[in-house]
Each structure stands twice: as structure tokens, then as C-alpha cells.
Amino acid sequence: MASVSDQALTRVHPGQQVEYRYKFSEIPFAGQPVGMALADTLRSNPRVDQASKDNFARALTDDDGVTHIDIFGSYPNYSPLVFDSVLRPPAQQWAEVAGPGRMQFWRYRRSRPLQASLPMGDAERRTMTAGWLLGQIIGRIQIPESPYIEPVRVYDGDAEQWLSFPSPLLTPPSNFTASYDWLPAVLEGYCWRSRNRKIRR
7 MASVSDQALT RVHPGQQVEY RYKFSEIPFA GQPVGMALAD TLRSNPRVDQ
57 ASKDNFARAL TDDDGVTHID IFGSYPNYSP LVFDSVLRPP AQQWAEVAGP
107 GRMQFWRYRR SRPLQASLPM GDAERRTMTA GWLLGQIIGR IQIPESPYIE
157 PVRVYDGDAE QWLSFPSPLL TPPSNFTASY DWLPAVLEGY CWRSRNRKIR
207 R
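What follows is the structure in C-alpha cells.
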């Protein structure tokens, strides 16, 4: 069953609340108190969209041959990041695995290229890449020395302090083939941890 996190929804889709959509088969309660009570319940629930209320009204019938009622529920087109049942299990598994076991956790998890798997658009990815390169030139990016216990850090000029990227990285530095592997590893880990924070909140 899919469930939506209220906290994640407000962060990913600002200004929205969890909304439910329903479709109904024929409902043999037309003109009956139970039908009116159900209609009132739907009308008074701000989380049920207007289309669902209209669907209910159209589904009412006085046909006494109806022997069952089918109800189909769904959500609007939310980002996958707001669904607890989709992201919570791998987030919990990641939190429970430490050290070398995390390499096995990440194996086969991503079948697409990095640019196709990051939850960000092309413009944001290019901006972060440009900021990374510029930050290295002007000394605003700190890359840790071996054994890579410390996280990668970026300097926040407004707050006048160093901020840490998520650590440990999904792809450990020991697997890097060149120094330029730091950027894709940071992007990979940053986006994964961002999703985890949305789940926990």
C-alpha cells in the first residue's frame, strides 16, 4: 500500500496537502439516509478532491440488484519522494548497514547513468557542477585526506562557516579511479541523503 508523508509533501510540493481521489462503482443508496450521510462525509473532508465527490454523486443508484460496491483510491501526481512506502524500506536498510556492507547495498541499485538518476533537473546539476569547479579554484571546497574519515565540505559565505556534505559516501573514495570522481560521488550521496531526510521528517 502506498502512503504519503505529510512532512515530505509540504517540502516537495509547497502549499499542498495530502489529497485523495476516489472512483466508485454503482452505489445502491440513492435517496436513502445512508447515501446522504456518505455524501456529507465526502463534502466535509477537505482532503477529498471535488472530482471524487462528483464521482460519488454519479454512482448513486436505486437499483436494488447491486450486490457489491467497488471503491478505487489514488493520489494526485506526486513526486516519488513523498511516498513513505517507496523510499522508507531502502532508507531503513541503509541506516542498518555499516562499513563494507554498504558496498553490497549499493550494488545493482542504479541501472541508469548518474545524470538520469539524480532527482534534479539539468540546470540544477550544471549549476552544482560549475559551483564545484569554481569552489575548488577559489578554495571554497575542502576534500578530505586519506583515510577519508572527514566529509567533503563547502564554505557558506553568507553564514561564514564550512558546511559538510553527507558522509560516508555511497561510492567510497577507495573505489575512485581519479580525483574527478569526488564530484559524482558527492552528488550521488547528497541526493540519496536528501531523500532520506524527507522520509524521516
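Under my numbering, think of the first position of the sequence shown as 7, with each following residue one higher.
Glycine included, C-beta positions come from ideal geometry on N, C-alpha and C.
On a predicted model such as this, the values are computed, not experimentally measured, just so you know.
Going by Cα to Cα distance, which pick from the options is closest to residue i?
| i | options | result |
| --- | --- | --- |
| Gln38 | Glu156, Ala63, Ala136 | Ala63 |
| Tyr186 | Leu139, Ser91, Arg53, Phe30 | Leu139 |
| Glu130 | Leu193, Tyr26, Phe35, Arg108 | Leu193 |
| Lys59 | Glu156, Arg49, Leu66 | Arg49 |
| Leu120 | Thr177, Asp68, Ser80 | Thr177 |
| Ala101 | Leu189, Ser173, Ala36, Pro20 | Ser173 |
| His19 | Phe182, Gln110, Tyr84 | Tyr84 |
| Val88 | Thr16, Asp162, Pro190, Gly163 | Thr16 |
| Ala57 | Phe78, Gln13, Met42 | Phe78 |
| Met126 | Lys29, Pro86, Gly41, Gln142 | Pro86 |
| Glu156 | Gly145, Leu175, Asp164, Gln142 | Leu175 |
| Ser4 | Thr47, Gly195, Pro153 | With the chain covering 7 to 207 only, the question about residue 4 has no answer from this structure. |
| Gly137 | Asp164, Leu189, Asn61, Pro34 | Leu189 |
| Gly145 | Pro153, Thr133, Val158, Tyr154 | Val158 |
| Asp76 | Pro34, Pro179, Val54 | Pro34 |
| Tyr28 | Asn61, Val160, Gln148 | Asn61 |
| Ala36 | Thr67, Thr47, Leu44 | Thr67 |
Quick one: grab the DSSP three-state call for residue i.
| i | result |
| --- | --- |
| Leu48 | helix |
| Gly137 | helix |
| Val92 | helix |
| Leu209 | Nothing about residue 209 can be reported from this structure: the residues present for the chain run from 7 to 207 only. |
| Leu193 | helix |
| Val10 | strand |
| Val18 | helix |
| Glu151 | coil |
| Val40 | helix |
| Phe182 | coil |
| Pro125 | coil |
| Arg208 | Any question about residue 208 goes unanswered here, given that the chain covers just 7 to 207. |
| Ala101 | helix |
| Asp164 | coil |
| Gly107 | helix |
Name the DSSP bridge partner or partners of residue i?
| i | result |
| --- | --- |
| Ser1 | No answer is possible for residue 1: the residues shown for the chain start at 7 and end at 207. |
| Tyr26 | Val54 |
| Ile144 | DSSP output for Ile144 lists no bridge partner at all. |
| Gly79 | Tyr28 |
| Leu120 | Answer by DSSP bridge pairing: none, since Leu120 is not bridged. |
| Pro66 | Looking at the sequence shown, residue 66 is not Pro but Leu. Answer by DSSP bridge pairing, in chain order: Ile33. |
Just checking, does the region 14-25 make contact with the region 68-77 on the three C-beta pairs under 8 Å criterion? The answer is no - the region 68-77 does not touch the region 14-25, with fewer than three Cβ pairs under 8 Å.
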